[in-house]
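Student: Sharing a structure, written as structure tokens. Questions coming.
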Amino acid sequence: MKLETIVNQPVIEAERFDLRPLRVSDAGLIAHNAGDERVARATSSIPHPLPPGSTEALIARAQSEDRVEDIWAIDGTKSGRTEVMGLISLGRVDVGRSEISYWVAPAYWNTGVASAAVEAVLAANPHEAQAIFASVFQDNAASARVLTNCGFQYLGDAESYSVARGANVPTWTYSKKMT
């Protein structure tokens, strides 16, 4: 019998969904959605095709006591939707500073799920961050709109390596002061 790891990470309630720590049972839905090439190409860290065991490794990292990143499933079961509509994470990058990242399953694109998830994490501010940063690929205008609609300010251009694309990709960088 394998028991779930208890993770010291808050559940964040939103109107249409809850943001909750990852569970081992999420592996199939995460792999299904993150394995979609459109999702992988919109992130810097998801490879395509998704290698066997990578989802389980992600969940193990998310459940680790010494993690530097909190990862939540966007769980829509309370509104009759799937248990994993996407993932959102908050990584500690420095004292008082965190970086937010997210992806949403294509079935929930253009439904406001990403904006609502970002707003919920910002309102909870579980890291008690003074500033939160984010970056999006310049060919992903929808994610840029999510950030600006949530009060993030444009900082400048940069580039980030995309594992799925196997290349450096131009990005827009944003920040939001929390205090």
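For the sequence shown, our numbering gives the first residue as 4, with consecutive numbering after it. Idealized CB from N, CA, C, for every residue including glycine. All figures in this text were calculated on a predicted structure; none of them were measured in a lab.
Below 8 Å, how does it come out for the segment 52 to 70 and the segment 109 to 116: are there three or more Cβ pairs, yes or no?
Tutor: The answer is no - the segment 109 to 116 does not touch the segment 52 to 70, with fewer than three Cβ pairs under 8 Å.
Student: My understanding is that residue 22 touches residue 91, with C-beta atoms under 8 Å, so please give their C-beta distance in whole angstroms.
Tutor: Here residue 22 refers to the residue found at position 19 when the sequence shown is read from its first residue. Here residue 91 refers to the residue found at position 88 when the sequence shown is read from its first residue. Confirmed, Cβ separation roughly 6 Å.
Student: Around the C-beta of residue 1, are 16 or more other C-beta atoms found within 10 angstroms, so that it is buried, or is it exposed?
Tutor: Residue 1 is absent from the model: the chain starts at 4 and stops at 182.
Student: In chain order, what residues of the same chain have a beta carbon less than 8 Å from the beta carbon of residue 167, not counting five sequence neighbours either side?
Tutor: For the purposes of this step, residue 167 is identified with residue 164 of the sequence shown, where counting begins at 1. Cβ neighbours of residue 167 beyond the five flanking positions: 40, 43, 44, 46, 49, 50, 51.
Student: Compare the C-alpha of residue 143 against each of 153, 136, 106 and name the closest.
Tutor: To locate residue 143, count along the sequence shown from 1; it is residue 140. It is 106.
Student: Count the other CB atoms, across all protein chains shown, that sit within 10 Å of the CB of residue 159; report buried if there are 16 or more and exposed otherwise.
Tutor: By one-based count along the sequence shown, residue 159 stands at place 156. Residue 159 is exposed by the Cβ-count criterion.
Student: DSSP three-state label for residue 48, please.
Tutor: Here residue 48 corresponds to residue number 45 of the sequence shown, with the count starting at 1. Three-state DSSP puts residue 48 in coil, outside helix and strand.
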